[in-house]
Each structure stands twice: as C-alpha cells, then as structure tokens.
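Each protein sequence line maps, in turn, to chains A and B. Residue 85 in the numbering used here is what sits at position 85 of the first sequence, and the numbering runs on without skipping anything. Residue 107 in the numbering used here is what sits at position 107 of the second sequence, and the numbering runs on without skipping anything. Read the structure below first, then the notes.
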Amino acid sequence: MGDSGFRLLTLGCGLVVLVVLGLITVSTTREAWPVLRHRTQNFLFTQSWNPQAGRPLFGSLGFVYGTIISSLVAVVFAVPVSVGIALFVTEYAPRWLRRPVVFLVDLLAAVPSVVFGLWGVLTLAPILQHWYDTVAQAAHPIPFVGSVLSASGGGGGSGRSFFTCGLILALMITPIITVITREVFETTPAGQKEAAMALGCTRWEMIRSTVFPHSRHGFTGGVLLGLGRAMGETIAAALVIGSSVQVTKHLFNPGDSMAGVIANQFGEATGDFRAALIGLGVVLFFLTVVVNLIARAIVGDAAEASGTIGR
Amino acid sequence: MTGLSESHPLRRPLSRRRRLAGAISATLVWVAVAVAVIPLLLVMFTVVKKGGSLITPRFLTDDLPIQARSAEGGVGPAVTGTLLITGVASLIAIPIGILAAIYLTEYGGTNRLARVIRFLSDVMAGVPSIVMGLFIFTVWVVRYQERSGLAGSLALACLMLPIVIRSSEAMIRLVPNELREASYALGSRKARTVLTVVLPAALPGVVSGCLLAVARAAGETAPLLFTIGLTYSKNLKLSGENTALSAQIFSNASTSFVAAQQRAWAAALTLIVIVLILSVVARVVAARFTVR
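Below you can see the structure in the form of structure tokens.
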C-alpha cells in the first residue's frame with residue numbers, strides 16, 4: 001500500500017468520530033423536530049407528561065428534574081467514598097493491599113449496569129423500603145428534613161425511588177471518580193508531603209495541607225465526569241427509579257429520569273410520542289455533553305499544570 | 001544548644017484533638033473501601049446464589065420460552081445474540097479505532113485537526129449509551145424498517161469507538177521514537193514502519209484496551225433496546241430481529257413472574273462471567289507484556 005494511501009485511510013478513520021457526532025446531533029434533532037418546533041414552550045418548560053391524552057402533553061421538566069436529583073444523590077454518596085478509597089490506596093494501605101483494592105474497585109466498573117439494576121429492583125429496593133419507613137417516622141417531626149425524607153404510600157411502596165436510584169448510580173460512578181482522584185492524588189510532589197511530615201504534621205494533616213490543595217482541580221473534574229455518567233445511565237435508572245413522573249422534594253418517592261423513560265416507553269411509542277422521547281434524548285445529549293466538556297476542561301488544565309495525567 | 005526544655009512544643013505529645021483527627025480519618029478510609037467493596041460482593045453473591053442453580057448446558061442453549069412466566073426453556077438465543085452482536089461491533093469499531101489512533105500519534109501529532117479529533121472522541125465517550133441507541137434507530141432502523149443484529153452492532157460500535165481510540169493512542173504513544181528511526185534508517189517507508197514496527201510494539205497494550213471496550217459493550221443494554229428487536233429462537237444472521245443477554249435480563253427483571261426473574265438472575269450470571277473473562281484477560285495481557 002502506498003504511503004499517502006495509508007495516511008488517507010487513517011485520516012478517514014479519525015474523521016469517523018466527527019461524522020458520527022455530527023450525525024447524532026442532526027438525526028436525533030430532526031426526528032424530534034415536530035415536537036421541539038410546535039411545542040417548544042410546552043416541551044422545555046412544563047412538567048405535564050401525558051402522551052395518551054386526547055390532546056397529548058409532552059412536558060420534559062419532570063424527567064430533567066429526576067435525572068438531576070438522582071445524579072446529585074449519586075454524587076453526594078460517591079464522592080466521599082471515592083476520596084476515601086483514593087486516599088486508602090495512595091496513603092494509608094499497606095503495600096500488599098493496594099493492588100487488590102484497585103482491582104476490586106475496577107471490578108465494580110466491569111459489572112454491567114443491567115445487573116446492578118436487577119439487583120437494585122429485586123434485592124435492594126424491598127430492603128430499602130423498610131429503612132425508608134423507619135427513617136421517615138424518625139425524621140417526621142423535623143421541619144423540612146421530615147418532608148424530604150417522608151415515605152410514600154404508608155409502607156406499601158416497592159422501594160423504587162429517586163433515592164434508591166441515586167444509591168445504585170453511586171455504586172456505578174464510584175470507580176470513575178476514584179480512578180481520577182487517585183491519579184491526581186498521586187501527582188502531589190513528594191517534596192511537599194515530606195516537608196509537611198518534617199514539620200511534625202500527622203498523616204491526616206499532611207493530606208489536608210498538601211494533597212488536597214494540590215488536587216482540587218483534577219478532583220472537581222473527576223466529580224463532574226462521574227456526574228455526567230450518572231445523568232446518562234439508563235438501564236439501572238429505568239429499573240429502580242419507579243417510573244412515576246413528578247417534581248417533588250420527597251426523595252423516597254418514585255420518580256422518573258430522561259434516560260429511564262426513554263428506555264421504558266420507547267417500545268410502544270409512535271408519532272409525536274416517539275418524537276417527544278427522542279427530544280428527551282436530545283436534551284439529555286446536550287446536558288451530558290456540556291457537563292463533560294466542563295469536566296474535560298478542568299481535568300485538562302490540571303493535567304497540564306502537573307504534566308502527568310491525561311495526554 | 002542544650003536539648004529541648006520540657007515546655008518546648010516539640011516535646012509535648014500530640015494534642016488529643018490532633019490524635020483523634022488522625023485516628024478518625026484513618027478509620028474512615030477503611031470504611032470507604034468497605035462501603036464500595038461490600039455491595040460489589042453482595043451483588044456477586046446474590047447473582048451466583050440465585051442464578052447458579054439454573055445454569056445448565058440446556059439452559060444456555062435452549063430457545064426462549066414464548067411466555068415469560070413459563071419456567072421452561074433457556075436463554076440460548078440471547079447467548080448467541082450477545083456473542084454475535086458484540087463480535088460484529090468489535091469488527092467494526094476496533095480497526096477504525098486503531099487506525100484513527102495511528103492517525104493521531106503518527107500523522108496528526110499536535111496539529112489542529114488531531115486536537116479536534118481527540119477532543120471530540122472525549123466528547124463521544126461521554127455520550128449516554130441510550131442516545132447511541134436512539135441515533136442508530138433514527139438513521140438505520142427508521143430508514144430500513146427493520147430491527148436487526150447489525151443495527152445493534154452499529155450502536156455498540158459507536159459506543160466502543162472512542163474507548164478504542166483513546167486507549168490505543170495512549171499505548172502507541174509509548175512506543176519509543178528510536179524504534180521508528182531505526183526502521184526509517186533501514187529504508188522502510190512510514191506506512192511499513194507503522195504496520196511492522198510501531199503497531200507490534202504497542203500490541204499488548206492495544207489488545208488490552210480493546211478487550212476492555214469489548215467487555216463494556218457486551219454488558220450494555222441501552223443501545224440494543226430499540227435496535228435489535230426480539231427473537232425466541234437462535235438467529236445467527238446479521239439481518240432479522242435478534243436478542244441479547246442484557247436485553248433479556250432487562251425485560252425479565254421488569255416482570256413479576258418468579259420464573260422470569262430466575263431466568264434474569266441466571267442470564268445475569270452468564271453475562272457477568274463473559275464480561276469478567278474479557279476484563280481479566282485484558283488485565284493479564286496488559287500485565288504480562290507491559291515493558292517497564
């Protein structure tokens with residue numbers, strides 16, 4: 001094969017990425033256009049979703065809310081755990097334990113999301129429902145907290161809720177946040193750490209005064225990457241979030257997310273209904289791309305500053 | 001200098017507050033590891049316990065039962081479907097991905113186009129898998145009016161492509177420049193150098209990255225939901241509706257029939273074994289052949 005021919009071949013393969021991303025944007029937007037154009041207001045800024053009605057309503061707000069709330073719950077749980085694991089592996093663990101822990105956490109990333117969903121809906125959710133009832137009773141007298149943690153259906157619930165979904169999502173994004181956090185922790189200059197120790201810091205004080213300040217940027221980026229993944233996660237959310245669209249501050253109530261409703265309802269959808277679901281996909285696409293772009297920008301800056309991670 | 005006096009700060013033991021903070025943080029990092037590892041073990045344990053008893057050669061090869069609540073039948077079509085769809089997706093995504101990575105390292109370098117491609121493959125890696133499914137639905141299923149294994153493969157290939165590109169690029173980049181220069185000095189052209197010197201040198205890393213991408217794709221459900229349709233008997237062709245293990249787990253998990261749920265657990269165990277074999281092989285390949 002000629003030299004220039006091979007060059008063109010590789011270039012062509014590189015351009016596939018551009019073409020596919022362009023096609024994704026154009027084709028999904030075009031399919032969703034009937035709904036996006038005629039009902040822009042309705043679609044983007046209302047929360048009434050009733051595709052079967054005589055005058056069907058396609059308000060996406062309830063799903064956007066569910067996606068954001070469940071992802072935030074996931075991040076709140078995943079971040080401290082990820083930081084803990086990263087510290088364990090880089091600072092605390094005995095040497096022989098480091099690789100096994102890294103391996104196990106990577107394994108968490110290898111479990112297919114549908115398996116987490118299956119476990120979540122059949123095993124975890126029924127157990128959690130008991131806890132929700134107990135917590136709801138205990139928290140009832142406290143203003144605000146009591147209503148956030150109130151349990152729906154007086155105990156008859158299935159345990160599927162924003163909160164359950166957030167917990168499952170937390171499991172799935174923990175490996176992602178851990179990997180990036182670990183990498184930035186490792187780039188803390190040894191000199192700084194030794195200096196802190198020499199000044200008489202305890203290990204924890206050394207971490208607080210050198211590792212954390214050094215890693216702030218890369219860590220933020222890692223959290224955002226995890227958030228992006230949580231927002232786009234489909235199958236686990238479709239199984240455990242409860243498929244009931246509502247904007248509510250009751251975290252233990254069933255809800256629905258963009259990815260979840262697409263997975264659950266697309267099969268029977270036609271016409272405007274299908275267009276509206278594809279429209280949800282478009283909204284999800286742009287939201288996750290924006291979150292990822294911000295994350296990449298931050299991680300990229302951190303990588304350039306320390307000159308080690310990324311490219 | 002006459003030694004430290006009794007009142008010197010360095011002579012005092014750590015204050016109780018500092019010792020406590022140290023002890024608490026040291027405990028919490030262990031707790032964090034436990035919080036992540038225990039659910040993993042619980043999931044594995046539950047899947048093995050609930051799915052293990054059902055796994056027999058017949059279960060893995062028999063056709064799906066027409067009625068979800070029936071305890072008869074197996075998941076044969078889903079096993080062949082997963083292998084076929086993932087295999088074809090790999091045949092599409094891996095060559096394109098590796099060639100694109102070669103462009104990025106050997107030709108593009110840091111020029112503007114290469115930077116754009118790198119950036120966009122990062123963006124593409126963040127696109128939710130369900131959007132890939134919708135995408136193939138709109139450009140393929142709507143146009144050809146058929147759900148098929150090929151459509152599913154295309155959706156999975158979209159998912160794999162950015163992973164293959166970025167991991168291969170990182171590995172090819174590690175090949176020392178001296179190897180390339182030696183090859184040029186012997187009179188090889190660039191294409192020959194890349195194919196016979198650079199790529200073989202990077203191969204273990206590239207293979208391991210590709211295997212991880214395959215493992216990821218094999219476990220995916222969302223891109224397949226609207227693209228492959230459903231079949232109750234084995235379909236070894238790319239055309240015509242097909243099914244997959246992940247899709248079967250999803251649909252059976254949503255039912256309330258005990259038999260269907262059991263089938264979901266057993267299918268989950270099968271899928272986990274396939275995915276884990278791929279991941280572990282990837283790790284072994286990477287560990288064994290990595291030049292340090």
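Note that CB positions come from ideal geometry on N, CA and C, so glycine has one too.
Excluding residues up to 5 positions away in sequence, T221 lie with their Cβ nearer than 7 Å to the Cβ of F250 (chain B) in the same chain. Secondary structure in the stretch 50 to 120 of chain B: the alpha helix (DSSP H) runs of 4 residues or longer, each lying completely within the stretch, are 57 to 61 and 76 to 102 in chain order.
Under the Cβ criterion of 7 Å, P128 (chain B) is counted among the residues facing chain A. Proximity of C201 (chain A) to chain B, defined by a Cβ-Cβ separation below 7 Å, is not satisfied. Remark: C-beta atoms of A244 (chain B) and N252 (chain B) do not approach each other more closely than 7 Å. Using a Cβ-Cβ distance cut-off of 8 Å, the stretch 87 to 99 of chain B and the stretch 207 to 217 of chain B are in contact, since at least three pairs of beta carbons, one from each stretch, lie closer than that value.
Partner residues in the beta bridge of N50 (chain A), as assigned by DSSP, are A:L57. Within the same chain, R147 and E241 come within 6 Å of G229 (chain B) by CB-CB distance, once the 5 residues on both sides are set aside. Pairing A237 (chain A) with V37 (chain B), the inter-Cα distance amounts to about 21 Å.
Among the residues facing chain A, T221 (chain B) is included, as its CB has a counterpart in that chain under 7 Å away. For D256 (chain A), the secondary structure class from DSSP, reduced to helix, strand or coil, is coil. When DSSP states are grouped into helix, strand and coil, Y92 (chain A) belongs to the helix group. For A196 (chain A), same chain residues with a beta-carbon under 6 Å away, outside a window of 5 residues either side, are M206, S209 and T210 in chain order. In chain order, T202, R203 and W204 make up the part of chain A whose C-beta sits under 7 Å from the C-beta of G22 (chain B). For L284 (chain A) and V105 (chain A), the gap between their C-alpha atoms comes out near 28 Å.
Residue-level contact by beta carbon holds for W119 (chain A) and chain B, with a gap shorter than 7 Å. Contacts with chain B at 7 Å (Cβ-Cβ) include P112 (chain A). Setting aside the 5 residues that flank it on each side, A125 (chain B) is surrounded in the same chain by P162, each with a C-beta closer than 6 Å to its C-beta; the list follows chain order. The contact set of A253 (chain B) on chain A, defined by CB atoms closer than 8 Å, consists of V114, G117, L118, V121, L122 and L239 in chain order. Taking all protein chains shown into account, Y144 (chain B) has fewer than 16 neighbouring C-beta atoms within 10 Å of its C-beta and is therefore exposed.
Only those residues of the stretch 211 to 240 of chain A whose C-beta falls short of 8 Å from the nearest C-beta of chain B are listed: L225, G228, R229, M231, G232, E233, T234, I235, A238 and L239. Within 10 angstroms of the beta-carbon of E183 (chain A) lie 16 or more other beta-carbons, which makes it buried. In this structure the stretch 211 to 228 of chain A lies against the stretch 66 to 76 of chain A, because at least three pairs of beta carbons, one per stretch, are closer than 8 Å.
For V43 (chain B), the closest alpha carbon among the candidates A:T164, A:V111 and A:Y92 is that of A:V111. Distance between S239 (chain B) and P143 (chain A), taken at the CA atoms: about 59 Å. Using a 10 angstroms sphere on the CB of N111 (chain B), the tally of other CB atoms stays under 16, which defines it as exposed. Leaving aside the five residues that flank F116 (chain A) on each side, the residues in its chain whose CB is nearer than 7 Å to its CB run, in chain order, I168, L171, M172 and A236. For P13 (chain B), the closest Cβ of chain A is not nearer than 7 Å. C201 (chain A): not part of any alpha helix (DSSP H); DSSP gives it neither H nor E.
Contact with chain A is found for K190 (chain B), since one of that chain's Cβ atoms lies less than 7 Å from the residue's Cβ. Only residues of its own chain outside the window of five on either side were considered, and among them A259, L284 and T288 have a CB closer than 8 Å to the CB of G232 (chain A), listed in chain order. For K190 (chain B), the enclosing alpha helix (DSSP H) covers residues K190 to T193. Here G76 (chain B) has L60, T61, D62, D63 and K234 as same chain residues with Cβ atoms under 7 Å from its own Cβ, once five neighbours each way along the sequence are excluded. Inclusion of A114 (chain B) and I165 (chain B) in the CB contact set at 7 Å is not warranted, their separation being larger than that value.
Contact annotation, D272 (chain A) with G66 (chain A): C-beta distance approximately 22 Å; criterion of less than 8 Å not satisfied. Look at I142 (chain A) here: in three-state DSSP terms it is coil, with no helix or strand label.
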